[in-house]
Structure formats: structure tokens, C-alpha cells
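Protein chains in written order, with the working numbering: chain A, 262 to 327; chain B, 126 to 487.
Working notes for the structure below.
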Amino acid sequence: MNKNLQIEIDELNKLIEWFESPDFNIEEAIDKFKVAEKLADKIGEDLKNLKNEVSVIKKNFDSKSL
Amino acid sequence: MENQLISVSDFIALANQTFEYAYPTVAIEGEVSSFKINSGKYVFFDIKDNESSLGCFMSVWQLRVPIEDGMKVIVIASPKLTKWGKFSLTVQTVKPSGEGSLKKSFEILKDKLAKEGLFDEDRKRPIPYPPQSIGVISSTQAAGYADFIKILNERWGGVSVETANVQVQGDVAADQIISALKYFNGLSQMPEVIAIVRGGGSADDLSVFNDELLVREIAASRIPVLVGVGHEIDESLADLVADRSASTPSNAAQILVPDRIDAAKNLQYKFEQLTNIFISKIELLESSHQDLLLSSLRRIENGFENIESKYNGTRALLTVLNPRNILERGYAILRGKLAEDEIIEIETNQFKIKAEIKEIYE
């Protein structure tokens, strides 16, 4: 889940770069802006709701038991 | 009753059995003297107090911290009578005792490992930020571990955290932490970072993090290691050798993951930035289209002006060349054959006149 969140943040950064770059053109910009808007909403939701998965390894780390 | 007759060897074996039964291990505190390492394998030293002295023997690999003459130490050992009748202690562990000895041992090992380059900055690897997976080495009962997990959960989500539950103080702690490091490094799906965490404690409690073998294992880890041990004033050799060191377990969590509140604010800022860029680009396009339109209109206007100017010039020229205008200035046009007695037509501004030519002269 975290990977997706990071990918989404990276995607949003790329979109911002595109808007600043010479590749910008008005025809594509409207679609890209809609994608960025959805991404920002999704990232915001993930930031609120994502939880860590914490587990304790079932193993004895005493050197004699290894 | 007569004493049973036994051989020397049997007596020594009997004495050793008695020691083994009565004192399987003893912990003795004393000052080290005559410390030496033979053939790089065997360690010999005496441990003494004001009145007595005992010989000690151990293997060099069991020596986990530097020891030298004059240092106060605690040895965990088994008493033994050798076949030459010499009494000695077979040492399992030896560690400095008291603040002075701990500090001295720390400084000796620090100097040794620094000379080997283990603390060099160019050995340090970056810690992934934020990592997708963390291998935690700590005691799940420790307050420091609870702080670490609490801050981690508050700040960020979606991270896979696997904890190796080990002792973080005491004689077995260093070996257990080493085992946990080996475990994480041996996984086919290794975590992106290992965090070794525990809260503060006494110099003796934290001395495990100055264990030479542990320090070397951290240095050898294929996975970047973050050490978050003790409070800010404590610095261990594990801190120095780690890729990154945190002042407390809470600080370790702060180093590993961003704060979700800051991230949300940053996200909002980015989206606003994107919107502003978009609006300014549209305004720029609009403005450039207006400029283009104005410039086209200006070119058309200029074209018209040129045509008008040319027309006016031509018109002026035609006016100048119009014979009517010449007649208006008093001139006349003659038509007909230029010969005596011929009738010609004379045109002036106002009249047309027929006249006869009487004479022609130059």
C-alpha cells in the first residue's frame, strides 16, 4: 500500500513537472489536470487512513537455539 | 577409617567434579594484571584484589571488549584444576566494571575500530525514505520499542514492520542482536532498513552496544542500519558504526518516515501550485493569442494605408498630367494639318475654335 502511495506522489510530481515543462499543451492539459485532481484526492485519503502492519517474528534469537 | 588411595589424575578429576557441582559458574570482580594473548588464540590474565590473585584463561573469540592491566572487571568463569595442579578460572565472559573501566574499554575499542575505518563517513549508506519495510530489533517489552511503534504509526502508514524480539541488555543481548541481524540479512525478501532500538539506561545497561562483535556485525550488514539507542547524551560504538544514528527510539521513527500531517499539507500546496501553473499558462496563451490578433489587424491596416497612399500618389500624378488642367493654366490644343490655308481646330479651356492658317514661320 505504501508503495502505491509513493508511486502516486511521484506521479503527481511528474504531472506538476509536465505543466511547468515546454511539453505543455492545452489539448492534453485538461485531461492531465483531471488525473492530477483525482490523484491528489486519493493520496489525501491514503494519508489519512493507511496503517502500518506490525508483526513480531516467532523465533528465538538466543544464539544457542540457532 | 583409612583414606582411599587414588592417582593424581583421579584426584584432579575428583576436584574438578566437586568444583563443577559446587560452583558451575562464579562471577568474580577484581583488577586485571599480567594480561596477555598467546598465539593470537589464548588469553591469560590474573584477577586480583588487595590480598589475593587468581589465574584466568579464555579463548580470544570470547573476548568481546578490550581489557588491559589495571582495569576493573567482572568475570563469569568456571573454576578448574589443571593437570599440572594449577588452579585457574576458565572464563566465559569478561566485562569492564565501574565507570572508569567501561570508559577506558570504550575508548580503546573506539580507537581500534576507527583505525580500521569502520566509522568512516563514506561507508554510510542512505536510509530509504520512507521505507516500505522495516526490520526492528528490540525488546517488545521495552518502553523504547513502544515509543518507536507509537511514533511510527502516528506519522505514517502502509509500512511492513517485522520485529525481532531480543534482549537489549545483559550477557546474552549482544549475541541475540547479532542473531537478529543475521536473520534479516539472510531473508530472501530483506527489509529495506533495520532499526535497532531501545530506551536509555545505565552505562552498564547500554554497554552491550559497545560489544565488538555486534559493532562488526552492524558494519557487515547488507541492509542499512539505523541505531536508536538511549537518550541524547549516550553515544555507543553501535551509533558510530551505523549508517544513521538516532538520539532516541522516537527520533528513529521520525528519521524513518515523514509526518502524514506535513505530507497532507505538502500535497495541498502541490495541488495549488499545479492549479496556479495551469491558470497562468492559460492566461499566457490567451495573451499571446490576443497579441497575434492585434498584430494581424495592424498588418491589414498597414496594407490598407499603403494602398491608399499609392492611390493618392497616382491620383496626384494623373491630376498633374490631365490636359484639362493644362488648358486651365492658359494653354491650348491645336488639331489639324499644319500648312498654310488649312483649317485647324483650337481647343482652349472654355472654347473650341476653327481657324485658317495664314502663314507658318519659325
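No residue lacks a Cβ here, since even glycine has one placed at the ideal position from N, Cα and C.
As the structure is a computational prediction, the values presented were derived from the model and not from experiment.
Handout entry: 7 Å Cβ cut-off: residues of chain B touching Glu314(A)
Key = Residues of chain B passing the Cβ test: Ser285 and Val286.
Problem - Status (buried if at least 16 other CB within 10 Å, exposed otherwise) for Asn474(B) - result: Residue environment for Asn474(B): exposed (fewer than 16 other C-beta atoms within 10 angstroms of its C-beta).
Handout entry: the region 293-324 of chain A: positions lying closer than 8 Å to chain B by Cβ
Key = Residues of the region 293-324 of chain A with a C-beta less than 8 Å from any C-beta of chain B: Phe294, Ala297, Glu298, Ala301, Ile304, Gly305, Asp307, Leu308, Lys309, Asn310, Leu311, Lys312, Asn313, Glu314, Val315, Ser316, Val317, Ile318, Lys320, Phe322, Asp323 and Ser324, listed in chain order.
Problem - In DSSP terms, what Tyr394(B) is bridged to - result: According to DSSP, Tyr394(B) bridges with nothing at all.
Handout entry: Beta carbon of Lys395(B) nearer than 8 Å to that of Ile277(A)
Key = At a Cβ-Cβ threshold of 8 Å, Lys395(B) and Ile277(A) count as neighbours.
Practice task
List the endpoints of the continuous alpha helix (DSSP H) containing Glu298(A).
Solution key: In the DSSP assignment, Glu298(A) falls within the unbroken alpha helix (DSSP H) covering Ile287 to Asn310.
Practice task
Assign Arg323(B) to one of two classes, buried (16 or more other C-beta atoms within 10 Å of its C-beta) or exposed (fewer than that).
Solution key: Residue burial is scored here from C-beta neighbours: Arg323(B) has at least 16 other C-beta atoms within 10 angstroms and is therefore classed as buried.
Problem - Close beta carbons around Ile304(A), own chain, < 8 Å, minus the five adjacent residues each side - result: Here the set comprises Leu266, Glu269, Ile270 and Leu273.
Handout entry: Alpha-carbon spacing of Ala480(B) relative to Gly461(B), whole angstroms
Key = The alpha-carbon atoms of Ala480(B) and Gly461(B) are separated by roughly 10 Å.
Problem - CB contact flag (Asn310(B), Arg347(B), <8 Å) - result: Yes, the pair counts as a contact, with Cβ atoms nearer than the cut-off.
Practice task
Could you check how far apart the C-beta atoms of Asn278(B) and Asn313(A) are, in whole angstroms? I think they sit under 8 Å.
Solution key: Indeed they touch by this definition, with Cβ atoms about 6 Å apart.
Handout entry: Lys174(B) (DSSP reduced to helix, strand or coil)
Key = The identity of residue 174(B) in the sequence shown is Asp, whereas the question assumes Lys. In the structure shown, the three-state DSSP call for Asp174(B) is coil.
Problem - chain B contact residues for Ile287(A), given Cβ-Cβ distances below 9 Å - result: Lys406, Ile407 and Leu410, listed in chain order.
Practice task
Say whether chain A places a C-beta atom closer than 8 Å to the C-beta of Gly282(B).
Solution key: Closer than 8 Å to some Cβ of chain A, the Cβ of Gly282(B) qualifies, so yes.
Problem - For Leu410(B), the three-state DSSP class (helix, strand or coil) - result: In the structure shown, Leu410(B) sits in a helix (DSSP, three-state: H, G or I).
Problem - C-beta neighbour in chain A for Ile276(B), strict 8 Å - result: Not one chain A Cβ lies under 8 Å of Ile276(B).
Problem - Of the listed residues Thr288(B), Ile471(B) and Ala138(B), nearest to Ser304(B) (C-alpha basis) - result: Among Thr288(B), Ile471(B) and Ala138(B), the Cα nearest to that of Ser304(B) is on Thr288(B).
Exercise for the section: Report yes if the C-beta distance between Val185(B) and Val200(B) is below 8 Å; otherwise report no. Expected result: In this structure, Val200(B) does not lie closer than 8 Å to Val185(B) by Cβ.
Practice task
Compare the C-beta of Gln398(B) against all C-beta atoms of chain A and say whether one is closer than 8 Å.
Solution key: Answer yes: the Cβ-Cβ gap between Gln398(B) and chain A drops below 8 Å somewhere.
Practice task
Establish whether the CB of Ile268(A) and some CB of chain B are separated by less than 8 Å.
Solution key: So no, Ile268(A) is outside the interface.
Exercise for the section: With 7 Å as the C-beta to C-beta threshold (strictly closer), list the residues of the region 256-271 of chain B near chain A in chain order. Expected result: Hits within the stretch, in order: Gln257 and Thr265.
Handout entry: Closer than 8 Å to chain A by CB, Lys395(B)
Key = Judged by the 8 Å Cβ criterion, Lys395(B) is in contact with chain A.
Practice task
Please state if the CB of Gly180(B) and the CB of Ser158(B) are separated by a distance shorter than 8 Å.
Solution key: Not a contact, by the Cβ cut-off of 8 Å.
Exercise for the section: Establish whether the CB of Glu278(A) and some CB of chain B are separated by less than 8 Å. Expected result: No, because no Cβ of chain B sits closer than 8 Å to the Cβ of Glu278(A).
Exercise for the section: Say whether chain B places a C-beta atom closer than 8 Å to the C-beta of Glu281(A). Expected result: Using a Cβ-Cβ cut-off of 8 Å, Glu281(A) counts as an interface residue toward chain B, since at least one Cβ of chain B sits closer than that to its own.
Handout entry: Alpha-carbon spacing of Val317(A) relative to Gly326(B), whole angstroms
Key = Cα atoms of Val317(A) and Gly326(B): separation of roughly 24 Å, rounded to the nearest angstrom.
Handout entry: Cut-off 8 Å between Cβ atoms - residues of its own chain near Tyr148(B), not counting five sequence neighbours on either side
Key = So the list reads Ser203 and Pro204, once near-sequence residues are dropped.
Exercise for the section: Reducing DSSP to helix, strand and coil, say where Glu314(A) ends up. Expected result: Strand at Glu314(A).
Practice task
Quick one: measure Cβ to Cβ for Leu90(B) and Ala377(B), integer angstroms, because I've assumed they're closer than 8 Å.
Solution key: The structure shown does not extend to residue 90(B), since chain B is modelled only from 126 through 487, so no value can be given for it.
Problem - Three-state secondary structure assigned by DSSP to Phe182(B) - result: Phe182(B) falls in the strand class under three-state DSSP.
Exercise for the section: Scan the region 187-270 of chain B and note each continuous alpha helix (DSSP H) run of 4 residues or more that stays entirely inside, going in chain order. Expected result: Fully enclosed alpha helix (DSSP H) runs of 4 or longer: 224-240.
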